[in-house]
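Visitor: One structure, pasted below without further comment.
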Amino acid sequence: METTLVRNRPAMLDRVEQDMLIDGKRVPALFAKRFETRNPATGELLAQVAQAGAEDVDRAVAAARAAFEGPWRRMKPAERQRIMLRLADLVEEHYEELALLDTLDLGAPLSRTVLGKARAGGLLRYYAGQATLLSGDTLPNSAAGDVLSHTLKEPIGVVAAINPWNGPIGMSVWKAGPVLASGCTLVMKPAEQTPLSALRFGELCLEAGVPAGVINILTGLGDAGAALSSHPGIDKIAFTGSTGVGEKILHAAASTMKRVSVELGGKSPNIVFADADLDKAVPAAAMAVFANSGQICSAGTRLFVQREIHDEFMARLADFTRTIRVGDPLDPATQIGPVVSATQMDKILGFMQGAGQEGAQALVGGARMAGAGLEDGFFIEPTIFTGVTDEMTIAREEIFGPVLSAFAFDTEEEVLKRANATPFGLGSGVWTRNLSTAHRMARGIQAGSVWINCYQMLDPGVPFGGYKLSGFGRESGPHHIEEYLETKAVWINLD
Ligand code: NAP
Ligand code: MG
0 METTLVRNRP
10 AMLDRVEQDM
20 LIDGKRVPAL
30 FAKRFETRNP
40 ATGELLAQVA
50 QAGAEDVDRA
60 VAAARAAFEG
70 PWRRMKPAER
80 QRIMLRLADL
90 VEEHYEELAL
100 LDTLDLGAPL
110 SRTVLGKARA
120 GGLLRYYAGQ
130 ATLLSGDTLP
140 NSAAGDVLSH
150 TLKEPIGVVA
160 AINPWNGPIG
170 MSVWKAGPVL
180 ASGCTLVMKP
190 AEQTPLSALR
200 FGELCLEAGV
210 PAGVINILTG
220 LGDAGAALSS
230 HPGIDKIAFT
240 GSTGVGEKIL
250 HAAASTMKRV
260 SVELGGKSPN
270 IVFADADLDK
280 AVPAAAMAVF
290 ANSGQICSAG
300 TRLFVQREIH
310 DEFMARLADF
320 TRTIRVGDPL
330 DPATQIGPVV
340 SATQMDKILG
350 FMQGAGQEGA
360 QALVGGARMA
370 GAGLEDGFFI
380 EPTIFTGVTD
390 EMTIAREEIF
400 GPVLSAFAFD
410 TEEEVLKRAN
420 ATPFGLGSGV
430 WTRNLSTAHR
440 MARGIQAGSV
450 WINCYQMLDP
460 GVPFGGYKLS
470 GFGRESGPHH
480 IEEYLETKAV
490 WINLD
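Numbering (numbering that gives the first Met the number 0), first residue to last: 0 to 494.
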């Protein structure tokens, strides 16, 4: 593992101390505090990262405010667009480095992280396109006299993005896109486990010509996120993370009436009908939950298989799962790496132990991985539980690990009811060749995304977000940018 790592090591990691990025400069925390980020595959220390205190939050917000009030606000849309297109090119040019930083920091295999390149470039170009399309309307009114009314679209102001650790560079790009396109400014707090690629992204923004202070990267812990959530200088919060923290943010944001969007957790159903194309459904059902070691908010963690094909399907799924290559994230053949931290690993192992106690059986996996080179990492076997009932803890709670709960079902009505019997509503999958079934399920499932004969598809042009406890607001798609704009009505009395 060591030799590959040394050969590929990004230049940024030559310094062990990594500072945050405020007002265009890499700066330490005012009180010089730092936290560690480590490689979850090896335990190796990657960096001592500046840990923002309340005073650093203040200066990042002040920098973002000054940039918002400054030339950025008056910059022509076409110029913002040019900068964003340059940024898209730079992010693609440097994508291997960004992917490698994420692989080291998060443990996601390089085979996965490098694939984010097209999406990152695509997102930035999609939002860049929107920069020159923002427009109000001239609207008819029936007021007395001769009165003209029209609307103006204005950027909301200073945005705080608070990010999770499960897809660091993709998340940074996704949050920055609508900010830059709308003319807002940003204070972005990456998760403490994975701060590195956000810092490099911030540097690339400067290189692309984004003015100092428009994008600030505030590294820190949960208290920095909390300080942003109640800060009077923040106009909008774009949060992605757990439902519990999302709730705290809503409370903290209430007294200053911040605009808030929250993309939260999930417990997504993946439903396989007896007429499905099993050659496609088997590997897809496995990767729907095991990709990124199960650390995906919309992972298909509840698998419902129609009874006629249940046993055959489960046997094939188990066989496929045993072929998944878990190991060194830097090995290009590796499909699944470790989970992000010891805390996360212990939480997942706890869920697996509880499942056994509640009466579920591990068909495949069920333990921490042993093996040469894996002992210092947080590797967990891809695990399938059968004999799970809808009431068991593993069937209800988000595990955020490589753990699948499988169920048999008989009818469409029954499975729809069971699929919706969760407080979450983020993703969902349906596998069938019957068009009517597909459409009925698409209408009936309470979730922000329904994937039919596919899973986990995302595109910059298509909205993504949650129903119920999975949050509100939609990222991507033509309307996302509206969440970064105020609408002002202008009345002009012509009499
Ligand atoms: P998390 O614990 O909620 O943390 C998310 C972010 O919030 C981190 O930056 C965290 O800081 C910060 N934070 C912690 N306490 C805070 C507080 N009181 N106020 C403001 N911010 C606070 O989530 P995670 O463990 O990183 O990520 C996993 C969760 O994210 C899962 O539930 C997953 O489903 C969800 N997720 C959802 C989506 C989606 O699009 N719906 C996408 C990805 C992940 P520190 O970590 O630095 O302490
Ligand atoms: Mg890390």
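Note that CB positions come from ideal geometry on N, CA and C, so glycine has one too.
(1) Give the DSSP bridge partners of residue 149, in chain order.
(2) When you compare only the Cα positions, how much space is there between residue 49 and residue 56?
(3) Going by DSSP, what residue range makes up the beta strand (DSSP E) through residue 360?
(4) Flag this pair as touching only if the stretch 200-209 and the stretch 168-176 have three or more C-beta atom pairs under 8 angstroms; answer yes or no.
(5) In whole angstroms, what is the alpha-carbon distance linking residue 229 and residue 222?
(6) Quick one: residues in its chain with C-beta nearer than 7 angstroms to the C-beta of residue 14, no 5 flanking neighbours on either side, listed in chain order?
(7) In the DSSP output, what is residue 367 paired with across the bridge?
(8) Which residues in the same chain have their Cβ closer than 6 angstroms to the Cβ of residue 310, if we skip the five residues on either side of it in sequence?
(9) For residue 281, count neighbouring C-beta atoms within 10 Å of its own C-beta (all shown protein chains included) and say buried if the count is 16 or more, exposed if not.
(10) Take residue 71 and list the residues in its own chain whose beta-carbon comes closer than 6 angstroms to its own, dropping the five residues that flank it on each side.
(11) Report the rounded CA-to-CA distance for residue 360 versus residue 386, giving the unit in angstroms.
(12) For residue 159, which residues in the same chain have their Cβ closer than 6 angstroms to its Cβ, ignoring the five residues on either side in sequence?
(13) How is residue 14 classed by DSSP in three states: helix, strand or coil?
(14) Run through the DSSP bridge pairs and tell me what residue 187 is partnered with.
(15) Residue 344: which of 306, 195, 39 sits nearest, CA to CA?
(16) Can residue 239 be considered in contact with the ligand NAP, in the sense that its beta carbon sits closer than 6 angstroms to one or more heavy atoms?
(17) Taking the straight line between their C-alpha atoms, what separation do you get for residue 1 and residue 9?
(18) Over the uninterrupted beta strand (DSSP E) stretch that includes residue 516, give me the two end residues.
(19) Spatial neighbours of residue 63 within its chain, please: C-beta separation below 7 angstroms, excluding the five flanking residues on both sides.
(20) So which of 470, 326, 272, 136 has the shortest CA-CA distance to residue 487?
Guide: To lay it out plainly:
(1) Counting from 1 along the sequence shown, the entry for residue 149 is found at position 150. Bridge partners of residue 149: 137, 489.
(2) As a first step, residue 49 must be located in the sequence shown, where it is residue number 50. As a first step, residue 56 must be located in the sequence shown, where it is residue number 57. So the two alpha carbons sit approximately 12 angstroms from each other.
(3) Position 361 of the sequence shown holds residue 360. Here the beta strand (DSSP E) through residue 360 covers 360-363.
(4) yes
(5) Along the sequence shown, one-based indexing puts residue 229 at 230. Along the sequence shown, one-based indexing puts residue 222 at 223. Each residue's Cα considered, the two are about 11 angstroms apart.
(6) Numbered from its first residue, the sequence shown carries residue 14 at position 15. Same-chain partners within the cutoff: there are none.
(7) Indexing the sequence shown from 1 puts residue 367 at position 368. Residue 367 is bridged to 379.
(8) Translated into positions along the sequence shown, residue 310 becomes position 311. Excluding residues within five positions, none has a Cβ falling inside 6 angstroms.
(9) As a first step, residue 281 is located in the sequence shown; it is residue number 282 there, counting from the start. With 16 or more other Cβ atoms within 10 Å, it is buried.
(10) Locating residue 71 in the sequence shown gives position 72, where the first residue counts as 1. The residues are 210, 213.
(11) The residue given as residue 360 occupies position 361 in the sequence shown. The residue given as residue 386 occupies position 387 in the sequence shown. Those two C-alpha atoms are separated by around 6 angstroms.
(12) Taking the first residue of the sequence shown as 1, we reach residue 159 at position 160. Closer than 6 angstroms at Cβ, skipping near neighbours: 186, 227, 233, 236.
(13) As a first step, residue 14 must be located in the sequence shown, where it is residue number 15. Residue 14: coil per DSSP, three-state reduction.
(14) For the purposes of this step, residue 187 is taken as the residue at position 188 of the sequence shown. DSSP lists 160, 216 as partners of residue 187.
(15) The residue given as residue 344 occupies position 345 in the sequence shown. Cα-wise, what sits closest to residue 344 is 39.
(16) For this step, residue 239 is matched to residue 240 along the sequence shown. Checking every heavy atom of the ligand NAP against the Cβ of residue 239, one is found closer than 6 angstroms.
(17) In the sequence shown, the residue the question calls residue 1 occupies position 2. In the sequence shown, the residue the question calls residue 9 occupies position 10. With a pLDDT of only 47 at residue 1, under the threshold of 50, the placement of this residue in the model should not be trusted; the figure read from the coordinates follows. Those two C-alpha atoms are separated by around 14 angstroms.
(18) Examination of residue 516 is not possible in this model, given that the chain is present from 0 through 494 alone.
(19) Within the sequence shown, numbered from 1, the residue matching residue 63 stands at position 64. Cβ within range, chain order: 157, 184, 185, 186, 212, 215.
(20) Residue mapping note: residue 487 aligns to position 488 of the sequence shown, counting from 1. Nearest option by C-alpha distance: 136.
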